[in-house]
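Single-structure report; data block below.
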Amino acid sequence: MRPNATRQRAPKPQSSRGQRNDPYGYVGRRVWRHWSSENPPWVEGFVYEYEPETGLHSILYDPNQGEAETLEEGFSFVSADPQDYVLGDYVDI
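Our numbering puts the first residue of the sequence shown at 83, with every later residue one more than the last.
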């Protein structure tokens, strides 16, 4: 099931100049990632850091969603298909 059908896709954070995305603006946000091989296919996690050397954000997935262990991934919002994720609110991490 897709996360909360009434939730709107959040706009990507903009830098203070408004010209480029601010990669640090994603840190602290809840995110749902679409994994077609999972059941359910939408998996919830949160962005907890950005690595400027690699251009990847680290996403930590909630182990309470049926997985036996906490899962983590490096993810690029810049090259990702916008249909593969939904950003949520900021969370207290």
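Glycine included, C-beta positions come from ideal geometry on N, C-alpha and C. If you're wondering where the values come from, they're calculated on a predicted model, not measured in any experiment.
With distance defined between alpha-carbon atoms, name the residue in the options nearest to residue i.
i	options	result
Val109	Gly156, Asp166, Glu154, Val129	Val129
Tyr143	Arg111, Glu133, Thr136, Pro164	Arg111
Glu131	Val168, Asp166, Ser158	Ser158
Tyr167	Asn103, Arg115, Thr136	Arg115
Asp174	Asp104, Gly127, Pro122, Asn121	Gly127
Asp104	Leu138, Pro123, Asp163	Leu138
Ser161	Thr136, Ser118, Pro122	Thr136
Ser118	Tyr172, Pro134, Gln165	Gln165
Return helix, strand or coil for residue i, following the three-state DSSP convention.
i	result
Gly107	helix
Asp171	strand
Tell me which residue opens and which closes the beta strand (DSSP E) that residue i is part of.
i	result
Trp124	124-133
Phe159	It is not in any beta strand (DSSP E) - Phe159 carries neither H nor E in the DSSP assignment.
Ser119	It is not in any beta strand (DSSP E) - Ser119 carries neither H nor E in the DSSP assignment.
Taking the Cβ atom as the reference point for each residue, do residue i and residue j lie within a distance shorter than 7 Å?
i	j	result
Glu120	Ile141	no
Leu169	Val125	no
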